[in-house]
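Reviewing the structure listed below.
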Amino acid sequence: MAKQKISADQLISVIISGIEDVKGKEINILDLREIENTVCDYFIICEGTSNTQVNAIVSSVQKKVSKELKDNPWHTEGVDNAEWVLIDYVNVVVHVFQKHIRDYYDIESLWGDAKTTIIETSY
Numbered sequence: 082m083a084k085q086k087i088s089a090d091q092l093i094s095v096i097i098s099g100i101e102d103v104k105g106k107e108i109n110i111l112d113l114r115e116i117e118n119t120v121c122d123y124f125i126i127c128e129g130t131s132n133t134q135v136n137a138i139v140s141s142v143q144k145k146v147s148k149e150l151k152d153n154p155w156h157t158e159g160v161d162n163a164e165w166v167l168i169d170y171v172n173v174v175v176h177v178f179q180k181h182i183r184d185y186y187d188i189e190s191l192w193g194d195a196k197t198t199i200i201e202t203s204y
């Protein structure tokens, strides 16, 4: 049986839901499709307040995507120190930061010409 193709919109929706389940903060979606030579179509960027929350966000996203879409990340890195964890779903890459690391690397400015969508949270 062939694996069902998952749309980027479905994947993004489930990832955002996974982040919100554990109260991830400052969620942004960067649409990179109009930019030449990018490695993926979307970045989803968020932050946690501690190593524990960063790991909880990563775990929540992976479990939710696995359960709902039957998909696993192609690659994950940064889990050991949990200051910046990258979850690579090939066309969507999730960056989970602690605030000071996010401020330092400022990915949103590096990709400033990307269309940015800020996700409003109710917590």
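Under the working numbering, think of the first position of the sequence shown as 82, with each following residue one higher.
Glycine included, C-beta positions come from ideal geometry on N, C-alpha and C.
Grab me the residues of residue i's own chain with a C-beta within less than 7 Å of its C-beta, minus the 5 sequence neighbours each way, in chain order.
i	result
aspartate 161	none
alanine 83	Confidence at alanine 83 is low in this model, with a pLDDT of 45, below 50, so the placement of that residue should be treated as unreliable; the coordinate-derived value is given next. If we look at alanine 83 and ignore the five residues flanking it on each side, it has no Cβ neighbours.
glutamate 101	Thr202
serine 190	none
glutamate 107	Cys127 and Glu128
Since residue i sits in a beta bridge, which residues does DSSP pair it with?
i	result
lysine 196	Asp112
glutamate 201	Beta-bridge pairing links glutamate 201 to no other residue.
glutamate 158	Leu167
histidine 176	Ile126 and Leu167
Give me, in chain order, the residues of the same chain whose beta-carbon lies closer than 8 Å to that of residue i; leave out the 5 immediate sequence neighbours on both sides.
i	result
glutamate 149	Val95
leucine 208	The displayed coordinates of the chain run from 82 to 204. Any statement about residue 208 would go beyond what the structure contains.
threonine 157	Val139, Gln143, Val166, Leu167, Ile168 and Asp169
alanine 89	Asp122, Tyr123, Asn172 and Val173
serine 147	Asn153
Less than 7 Å separating the beta-carbons of residue i and residue j?
i	j	result
proline 154	isoleucine 138	no
glycine 105	cysteine 127	yes
isoleucine 97	isoleucine 200	yes
valine 177	serine 141	no
lysine 145	glycine 99	yes
What residues in its chain sit with their C-beta under 6 Å from that of residue i, if we drop five residues either side in the sequence?
i	result
glutamate 164	Gln179 and Ile182
valine 171	Trp155
threonine 198	Ile110
asparagine 136	Ala163
Is residue i helix, strand or coil by DSSP?
i	result
glutamate 189	helix
isoleucine 87	coil
methionine 82	Residue placement at methionine 82 is poorly supported in this model, since its pLDDT is 43, which falls under 50; the coordinates still yield a value, given next. Reduced to three states, the DSSP call for methionine 82 is coil.
Can residue i be considered in contact with the ligand SAH, in the sense that its beta carbon sits closer than 6 Å to one or more heavy atoms?
i	result
tyrosine 186	Absence of the ligand SAH from the depicted structure is noted, as is the absence of any ligand whatsoever, leaving it without description.
message = Extract the residue ranges of the beta strand (DSSP E) inside the stretch 92 to 154, only unbroken runs of 3 or more that lie entirely within it.
response = 106 to 112 and 123 to 129
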